[in-house]
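The structure appears right after this line, and notes come after that.
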Amino acid sequence: MKPFHIDKKIILITIFVLIFAWIVYALFHHSSMFFLLNPPIKIGVAVPMTGSGNQYASEMLKGLHIIRDSINQKGGVHGRKVDIVIHDDKNDKSVAMKVASTFSLDNHILIVLGHYLSSTSIVAGNIYKKNGLPAITASATSSRVTFNNPWYFRVIPNNVYQAKYMAYILKTTIDSDRCILIHDKDEYGQDLARSFLNTTRHSGIHIENIYAFHSKDKHINQTIDKIALRIITKENPCAIVMAVHASEAIQLIFRLKDSGKDFIVIGPDSFSSTSFINKFKAYPKERAKIGYYTDNIYSVLPFMTHIPNSKALQFNDTYKKLYSCSPTWVAAAYHDAFGIALKAIERSEIKAGDPIYINRRRVKDALFEFSNSEQSYLGVTGRISFNIQGDTEKNLITAFYDKQNLVPCYAQYNPSNEMGYQQLSQKENNSLINNDRKGLTNIVYSGIHLISINRIDVSKKIFHASFYLWFKYQHSFNARDIEFINACNPITIGNPIFHEKNNSVTNEVYHLNGMFTMAPVKQSSTQNQYYLNIQFRHKHLTRDRLIFVADNSKVYQENETKFLGWSITETDSYQNVIYDNDLYGLIDIPENQAYSVFTTKAKMYRDDPLYSIRYMLPLLFLFIHIFFIYFIPPGHALKSLFPITIFICLIGIYHYNISYFQIYIDAHQNIIGIIFPVFYVLCAISFVFLVCSAYLFSSKNLQKVPLLKFSCILLQLITIFLGGKCYLEMLS
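For the sequence shown, our numbering gives the first residue as 1, with consecutive numbering after it.
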């Protein structure tokens, strides 16, 4: 028989087909190919990359990058890529004016996100108003930012709201009716102090002294020392309310608490920043006794990872995976600012060929369409809608430092969402200040410590657990009103094995046992790893009334526990959200129809280092045998059909056993969901090869067998390549 040579034309055609198929695949699976056909949507971002407050620039950009990358991966806005144009305003008013002018003159910028400070936002806002360029800030809280400026919007509550919550902490949380007020003389400090004075005017709160300074003063350190000394020398010092920036607050608190007196300090959102707490960690007394300076410091902020809504849960996970830390309120707020800006652009039906001033006005008008709770945008920090001033009206979170950890207060105030700022100032001040509990959400700190795990049934996906369950709460709470949502049978909660009340905070510990269902496995490629979870919720109280928060004290936690050939590690506790069955799956569900769910999740794996090897060996054996068929002579191809059929059946049986004897694995997030379909395709190609080879042998057309073999091997290699690519994309 003459040697067979593959025609060069066939090789060229094959290469051309592969290249064409790859281009089609890339075109339909990568949105960046479409972006070449449409001009991008450009959004300006003003951040303090240098100068004072430059630490906030990184947090702002992290929140923006997450949503930008997400929207572009999904195809952009109406097929147009979203780009951000970043300019550094240095937190300086003169520089901010130049940045605002640059954005205004750029005919590609549709909207601006920023600026960080109130002072820079006000001066830049005048330029945006003059040039008709919409802007959204997620950090500047002075009322003047949006006052009489229809082009400026804000996605967090302004100083009026912050002042009311600070007054709530004073009168309700720490139960005091007198305070000292310290404020900065800049725009932010004066506006916040003025709002606090207006809030407390008819509330029964007595302000004993008011101290003011200007943070830009050359002698600021001496001024702070004098203020601190005057307060320290008072016989009965009261709580201190500070309307100042973080850097000046740190100096004040250091000098006050360094005296040995335990002052209670209440501050705005600037007290919740990472840089704020990190400054105190460097002081010797704080290192010697954790909380020496930071305990009894209260703050008001728009977002905390401890009590996320349904949308914030996904944001928190994404942020931690990318940056290996929890998101700050700055990152979350600017993530929301970007999100509502993109939604407005999507609704505004802008046209690339229209003048920029028309498209900008369309975006501004679309933002005002988010005018009430029904038309609001569900963001990470809550529902966002704008009043006629361009301000958002939503709840804030009150928090306090406990051993350097900022945690939510035991009661969160939630005024009616139907009231605007003016209505709230007239109708709800008394209820806020006088401890009206109708609008309160109780916070119950919870924790679980696993004592023993047994009766593990991997096939039925159940396990038996004995564990300690503890609660810390300040207001009324009955542990018997909780239900374990993944328990196989109802679990009866008896009397606590430990009960203690200390400074109005109740601590309870229970010893419980029960059978539970296992958690779904995600992104796990080994069969010997499982996730066990224990989940509970309140039977009656919805999330607007009660929220379970993971207790980070870890009094009862251990790093790793071993049970009968299994090891428990990577235990994590967090708060989640669940809805009534008839509402599950809807997107925007009110908080009064959702329930807070506490979850403790533990990673469990077999103490068997050879388990993974034994698990993969059959797959490797099957894979090798697939390519042995190409060494079968064409004359024996027909006889090999029966063994290959048995071979396919063995793969199916092995696949069934793996699926049956392990817990549920999401086929789109696990290698099992890819490797077996690839095997089935490889076997199908091998089956076709044997049939065609037998036909060519019977028709005495053996010169085409090498081409058939080349084509089948090529198809199998392409199948393996695509399977591997899908797996890599799944991991990313």
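For each residue, glycine too, the CB sits at the ideal point set by N, CA and C.
Query, Result
"Span separating the alpha-carbon of Tyr-605 from that of Ile-568", "7 angstroms"
"Contact check, Asp-88 vs Thr-50, beta carbons under 9 angstroms", "yes"
"Ala-479 (DSSP reduced to helix, strand or coil)", "helix"
"Three-state secondary structure (DSSP) of Gly-678", "For the record, residue 678 in the displayed sequence is Val; it is not Gly. It is helical."
"Simplified DSSP assignment, three categories, for Ser-573", "strand"
"Classification of Lys-311 by the beta-carbon crowding that lies within 10 angstroms, buried from 16 upward", "buried"
"One or two residues paired with Gln-251 in a DSSP bridge", "Beta-bridge pairing links Gln-251 to no other residue."
"For Val-82 and Pro-134, believed in contact at Cβ under 8 angstroms, the rounded distance", "Pro-134 to Val-82, Cβ: 16 angstroms. No contact."
"Cβ shell of Asn-359 (< 8 angstroms), same chain only, five flanking positions each side left out", "Leu-110, Ser-348, Ile-350 and Lys-351"
"CB contact below 9 angstroms: Thr-719 versus chain D", "The structure shown contains no chain D; it holds only a single protein chain."
"Euclidean distance between Cα positions of Ser-270 and Tyr-401", "13 angstroms"
"Neighbour-count burial assignment, Ile-397, 16 or more Cβ in a 10 Å radius", "buried"
"Phe-676 classed as buried or exposed, judged by whether at least 16 other C-beta atoms fall within 10 angstroms", "buried"
"Uninterrupted beta strand (DSSP E) stretches inside the stretch 237 to 289 (no shorter than 3 residues)", "239 to 243 and 265 to 267"
"Distance, Ile-43 Cα to Phe-303 Cα", "24 angstroms"
"For Asn-513: DSSP bridge partner residues", "Ser-466"
"Per DSSP, the bridge partner or partners of His-499", "Glu-508"
"The stretch 192 to 206 contacting the stretch 159 to 177, beta-carbon criterion three pairs below 8 angstroms", "yes"
"Candidates Tyr-695, Thr-102 and His-183: closest to Phe-213 by CA position", "His-183"
"CB of Ala-243 within 9 angstroms of CB of Leu-181, strictly", "yes"
"Where the beta strand (DSSP E) containing Asn-209 begins and where it ends", "206 to 213"
"Residue environment, Val-95, which counts as buried when at least 16 other CB atoms sit within 10 Å", "buried"
"Rounded Cβ spacing between Phe-153 and Phe-338 (contact assumed at less than 8 angstroms)", "Not quite, the Cβ-Cβ distance comes to about 12 angstroms (not below 8 angstroms), so this is no contact."
"C-beta atoms of Leu-301 and Ala-399 nearer than 9 angstroms", "yes"
"Beta-carbon proximity list for Thr-223, same chain, < 7 angstroms, skipping 5 on both sides", "Phe-213 and Asp-217"
"As assigned by DSSP and simplified to three states, the class of His-78", "coil"
"Top-ranked residue by Cα proximity to Ile-307, from Val-549, Lys-601 and Ser-504", "Val-549"
"Helix, strand or coil at Lys-90 [DSSP, three-state]", "coil"
"CB contact flag (Leu-783, Phe-687, <9 angstroms)", "No statement about residue 783 is possible, as the shown extent of the chain runs from 1 to 732 and does not include it."
"The ligand GTP heavy atom lying under 8 angstroms from the CB of Val-145", "Judged by which ligands are present, the structure shown has none, so any question about the ligand GTP falls away."
"Sub-9 angstroms separation of Ala-750 and Leu-252 beta-carbons", "Nothing in the structure corresponds to residue 750, since the chain is present only between 1 and 732."
"Cβ-Cβ separation, Tyr-334 to Met-60 (assumed contact under 8 angstroms), whole Å", "5 angstroms"
"Between the CA atoms of Asp-69 and Gly-75 - distance to the nearest angstrom", "10 angstroms"
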